[in-house]
Ligand code: PMP
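In this note's numbering, the protein residues as written are 173 to 591.
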């Protein structure tokens, strides 16, 4: 088969050890393949629209600016933001988290020097949040509570509320664990936090849910929502967004998000202060317009049946892996409250070695290790080594799932391996 004959979006990578094409089951890291429209939109942008968005009034600058504003509107609509200017475009979810965490903590420090701001994070958090908050704690600038999850990766709303105080400025919870796939009751947590600490901002890391689940920031009661464009939304890497609520950034009055990133916005260039209007106030520098052109195309090309198929594959994997001698499946028992992610271990085999063998011998891409979520692994009992994460995507077929299961079965029956 030549490249031009290959199924669109499908990369045929052959090795003597593989009976077919590459099997990509690492969609929780980044989705692949991207719809073919993504590459086409990026090529079109580069050929016809690649001015600097919002900088200058000529046609290419306007064309690029239109793409950026369209992406903002699409992302805002995706999460039911009350208006698109509250969607700050970022280079990914980590970038969005950094904007929010540094922004809230710097604003809190500037507002009050006597009392250290208090921050609450959950035990399922990704390092995007953990490391960003930790650097303030390490420097003695904040006090902090970490709310553990249970053995299945569930964070209880009551436990989060229990540690909230009148000086809590920020509560951060991942909507779903990137390692175990456990979806949290974000609305329940938001409600409990509001009742105990009405001034605290509730931030949700939605890297693993936007594009998979309907996320409605207004219905849930979210103040800050961090989004990745390159996972469930199927866009290119280097795209993402941060939703900022009225509570976090009031239309009038003091903002509770101080933007450390400063620079040109293309508007009101005279004066050394940043503009105070959203989105410019939080969005300095040239945005990844090229990537956002791809993200818009990805969102247009989404297959409405994809999530259901992914969950069917997830159910099949859960069922089969649970029945395999030597294999332990971690997390919730079934597909309820789960993203299309399964976390498992093979007795006596290091998770990274399992990932390496699946790749080298079977052409199957999964991720072994701690998935940048070190606390979760301590809490669910998979420790410093972590486990193997498998995450089907929109293009995954039943045949690929069977080949994956067969490969794990043969590995589980083979002698122990270390990385
Ligand atoms: N948070 C979670 C829960 C994630 O899964 C990821 C990606 N692994 C991130 C944050 C970081 O996202 P990005 O790669 O877009 O910076």
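Quick reminder that beta carbons are idealized off the backbone N, C-alpha and C, glycines included.
Asked, Found
"Cβ-heavy atom distance, residue 269 to the ligand PMP, below 8 Å", "yes"
"Rounded C-alpha distance that separates residue 411 from residue 402", "6 Å"
"Check: residue 544 C-beta below 8 Å from any heavy atom of the ligand PMP", "yes"
"beta-carbon residue 377 near the ligand PMP non-hydrogen atom, thresh 8 Å", "yes"
"C-alpha distance - residue 181 paired with residue 475, whole-angstrom precision", "Bear in mind that a pLDDT of 41 at residue 181, under 50, signals an unreliable position, so the model cannot answer this."
"beta-carbon residue 354 near the ligand PMP non-hydrogen atom, thresh 8 Å", "no"
"Beta-carbon contacts of residue 196 that lie in its chain and below 6 Å, excluding the five residues immediately before and after", "204 and 537"
"Classification of residue 198 by the beta-carbon crowding that lies within 10 angstroms, buried from 16 upward", "buried"
"Cβ contact check for the region 315–335 and the region 344–352: 3 or more pairs under 8 Å", "yes"
"Runs of beta strand (DSSP E) wholly within the region 261–320 (minimum 3 residues, chain order)", "290–294 and 315–319"
"Beta strand (DSSP E) segments (min. 3 residues) lying fully within the region 395–438", "396–400 and 412–416"
"Residue from 212, 291 and 255 with nearest C-alpha to residue 310", "291"
"Contact set for residue 175: own chain, Cβ-Cβ below 6 Å, skip 5 residues either direction", "Caution applies to residue 175, whose pLDDT of 37 falls short of 50 and renders its modelled position unreliable; the value that the coordinates give is listed next. Result list for residue 175: empty, nothing under 6 Å."
"The region 550–569 contacting the region 507–525, beta-carbon criterion three pairs below 8 Å", "yes"
"Residue 653 versus 529, 377, 579 and 522, residue with shortest Cα-Cα distance", "In this structure the chain extends from 173 to 591, so residue 653 is not present and cannot be described."
"Inter-residue Cα distance where the pair is residue 394 and residue 366", "10 Å"
"Spatial distance of residue 407 from residue 321 (CA atoms)", "30 Å"
"Sequence-distant residues of the same chain with beta carbon closer than 7 Å to residue 372, five excluded per side", "336, 340, 341, 342, 343 and 365"
"Residue 437 Cβ short of 8 Å to the ligand PMP heavy atom set", "no"
"Residue 585 beta carbon less than 9 Å from that of residue 236", "no"
"heavy atom of the ligand PMP below 8 Å from residue 412 C-beta", "yes"
"Bridge-paired residues (DSSP) for residue 537", "196"
"Residue 492 to residue 577 span [Cα, whole Å]", "7 Å"
"Nearest-angstrom Cα separation, counted from residue 218 out to residue 419", "38 Å"
"Exposure label - residue 444; buried when at least 16 CB within 10 Å", "exposed"
"Own chain residues within Cβ distance below 6 Å of residue 454, not counting five before or after", "260 and 431"
"Pairwise C-alpha distance: residue 557 and residue 522", "7 Å"
"First through last residue of the alpha helix (DSSP H) which encompasses residue 471", "461–473"
"Cβ shell of residue 433 (< 6 Å), same chain only, five flanking positions each side left out", "456"
"Residue closest to residue 470, alpha-carbon to alpha-carbon, out of 573, 391 and 211", "211"
"Closest Cα partner of residue 353 within the set 257, 525, 548 and 587", "548"
"DSSP three-state assignment for residue 375, whether helix, strand or coil", "strand"
"Start-to-end residues for the beta strand (DSSP E) that takes in residue 518", "514–518"
"Cβ-heavy atom distance, residue 321 to the ligand PMP, below 8 Å", "no"
"Residue 500, enclosing beta strand (DSSP E) - first and last residue", "499–502"
"Whole-angstrom distance between residue 439 and residue 458, CA atom to CA atom", "12 Å"
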